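Only one structure is covered here, and it is reproduced in the block below.
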Amino acid sequence: MQPAVDVDVVVIGAGVAGMYAVHRFRLDGLSVRGFEAGSDVGGTWYFNRYPGARCDVESVDYSYSFSDELQQEWDWSEKYATQPEILRYLSHVADRFGLRSAFTFDTRVTAATWDDGVWQIRTDSGEEVRARFCVCATGSLSQPNTPPIEGRERFTGRVLHTASWPHEGVDFRGLRVGVVGTGSSGIQSIPEIARSAESVTVFQRTANYSVPAGNAPLDDETRREQKANYAERRRLSRLSGGGSPFVPHPKGALEVDPEERRRAYEARWQMGGVLFAKTFPDQTSNLESNDTAREFAEEKIRALVKDPAIADALVPKDHPIGTKRIVTDSGYFETYNRDNVELVDLRKTPIREITETGVETTAGHHDIDVLVFATGFDALTGAVARIDIRGRGGRTLREHWNGGPRTYLGLGVDGFPNLFLVTGPGSPSVLANMILGAEDHIDWIADAVAHLGEHGKATIEARPDAVDAWQAQLSERADRTLFPRAASWYTGANIEGKPRGFMLFIGGFATYRQICADVAGSGYEGFTLTDAPVAVTS
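Next comes the structure, spelled out in structure tokens:
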């Protein structure tokens, strides 16, 4: 007798991917259970409530495309939405499509075991659910990283992390604040904190490139135009390298004269955000071309910061521009012109320890009331790795990925049947528009599940040779670029002891989508499909 299951699909996570997964699987007539560690939907946007949190993809593009009615009814207030507005949008989507009823909130999945042809899911509340398929919509940037600095536990003041910010907010008035980290969350939060704090001491280990958002409110006329052209905008986004309807200059950076090159850089700088890294098609593959972008950005930074010594410390010197994600900021560099802001360059004066009253560097002690860790995430693999996932023969995913993540298409893992990853390692993931990427992944997974049913199959599993070939392709594509030259979270370099390797598909959003479509069209070449029917209990 075949084992029974409680539901067809378990979805782990209620962020943008998990929400759409529930919607799509329900449309296909499948039973779904979702589990979410937070108290409501939103994923990254539920937890990351730090001041200044803002998306670096234009609001009109960083939104679901699966429902034209949804696209037409929602009005974005500004070009780059803040965290509160994005969370309101996701809450609206959950309400409109009745998604919350599928999720059990305030609940973490602790284990998932492939047992007798089904996935046995266990949670921290003690619940057990058996499902045919397990979909890990756990997010690429959802497992906070706090560096192991000596004495951290001794600090008697308040400790905060940008990735798990208090929902009630924080009043910094009259307080001395220390911020550790100048990645995206640090760069976005520091200007906001500095407006009210008595003082802000920024502890910078690595300078990062940041481009002003050039944010602006959206008026009714702009919104009407955007909505009227949504179909074309989405078409162009899916044909692009990054999931937004913008294309680079038709020529390389060195194929145009200096005046044209400067005009192109200035136009992208004024556009704001990460698109500056894609001004020219060879910008992140040719070092000489990259140097022209780097010089332009450095000139901008030095023009914004009054003190030349501070400006010099804020100019990155350890990676080509764009090989770490360029941050989208609102007044970051200008903040260092304030009297209440101090920059501590940890390359010159490293942290010795955290004391009861502040931070001790090799140059002296900094008295602090509130310590903010803006130290990012164990990206791409951290959230999945914290779950005890066991595939065939009881082998754990952690063991399987001991030398770094190994996937086929970023969707499947050999030895783990009917387990799917969403926008994780091996896919474009954070290099592209995450909402469109999540929709594509969920649609591909749902179509694969339907294919199994139509052909009397019950399991789908990536073949080891397909995984090997995909990993080789990832490395080959990355090695043709400048990205491996940066010690970034793309490579796991921000986590002590994490295997190093470029974890993403860097060939572009459109190319990746075509590869996935070709695999599905071939009858899922690279996957093994087997017969093993199971019954669903009512």
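Read in full-length UniProt numbering, the sequence shown has 211 at position 211, and its numbers run on one by one without any break. In this text, a Cβ means the ideal position worked out from N, Cα and C, and glycines have one as well. Keep in mind it's a predicted model, so treat the numbers as computed, not measured.
- Under a 10 Å Cβ-count criterion, His455 is classified as exposed, with fewer than 16 other Cβ atoms of the shown protein chains found around its own Cβ.
- Under the three-state reduction of DSSP, Ile149 is assigned to coil, being neither helix nor strand.
- Between the segment 226-245 and the segment 169-185 there are fewer than three C-beta pairs closer than 8 Å, too few to call the two in contact.
- DSSP places His365 inside the beta strand (DSSP E), whose first and last residues are Gly364 to Asp367.
- By the C-beta criterion, the segment 319-333 is judged to be in contact with the segment 182-199, since at least 3 inter-stretch pairs fall below 8 Å.
- If only complete runs of 3 or more residues are kept, the segment 31-59 shows the beta strand (DSSP E) at 32-35, in order along the chain.
- By the CB criterion at 8 Å, Pro425 and Leu380 fall inside the cutoff.
- In chain order, Phe35, Thr123 and Ser125 place their CB closer than 6 Å to the CB of Thr107, counting only its own chain and leaving out the 5 sequence neighbours on each side.
- For Gly358, the enclosing beta strand (DSSP E) begins and ends at Gly358 to Thr361.
- Listed as beta-bridge partners of His161 by DSSP are Phe373.
- Val256 and Pro281 have their C-alpha atoms roughly 12 Å apart.
- Around the C-beta of Pro350, fewer than 16 other C-beta atoms lie within 10 Å, and the residue is accordingly described as exposed.
- The distance from the Cβ of Glu78 to that of Pro217 is about 5 Å, consistent with a contact at the 8 Å cut-off.
- Non-local C-beta neighbours of Leu304 in its own chain, meaning closer than 6 Å and more than five positions away in sequence, comprise Phe333 and Glu334, ordered along the chain.
- DSSP places Gln204 in the uninterrupted beta strand (DSSP E) bounded by Ser199 to Gln204.
- Residue pairing of Thr110 in beta bridges, as defined by DSSP: absent, with no partner found.
- Residue environment analysis places Thr206 among the buried positions, since at least 16 neighbouring C-beta atoms fall within 10 angstroms of its C-beta.
- Thr292 has its alpha-carbon roughly 13 Å from the corresponding atom of Ser285.
- Ranked by how close their Cα comes to the Cα of Gln283, the residues Ser91, Leu482, Glu299 and Gly507 have Leu482 in first place.
- For the options Arg463, Gly243 and Arg268, the alpha carbon positioned closest to that of His249 is the one of Arg268.
- Within the DSSP secondary-structure output, Gly174 pairs in no beta bridge.
- Secondary structure of Ser185 (DSSP, three-state): helix.
- Assignment of Tyr64 by DSSP, reduced to helix, strand and coil, places it in the coil class.
- Rounded to the nearest whole angstrom, the C-alpha separation of Val135 and Val467 is 19 Å.
- In the three-state reduction of the DSSP assignment, Leu504 falls in the coil class.
- Under the three-state reduction of DSSP output, Tyr336 falls in the helix class.
- Looking at the DSSP output, Trp119 sits in a beta bridge with Trp114 and Ala131.
- Leu287 is classed as exposed because its beta carbon has fewer than 16 other beta carbons within 10 Å across all chains shown.
- Look at the beta carbons and you see the segment 128-146 touching the segment 371-386: at least three pairs across the two are nearer than 8 Å.
- Here Tyr80 carries a coil assignment [DSSP, helix/strand/coil].
- Following the DSSP letters along the chain, one finds Pro212 in no alpha helix (DSSP H) but inside the beta strand (DSSP E) bounded by residues Ser210 to Pro212.
- Contact between the segment 213-228 and the segment 384-397 is absent: fewer than three C-beta pairs spanning the two stretches fall below 8 Å.
- According to the DSSP assignment, Asp291 belongs to the alpha helix (DSSP H) that extends over Leu287 to Leu304.
- Taken through DSSP and simplified to helix, strand or coil, Ile12 comes out as strand.
- Between the C-alpha atoms of Val10 and Leu436 there is a straight-line separation of about 21 Å.
- For Asp378, same chain residues with a beta-carbon under 6 Å away, outside a window of 5 residues either side, are Gln143, Asn145 and Ile495 in chain order.
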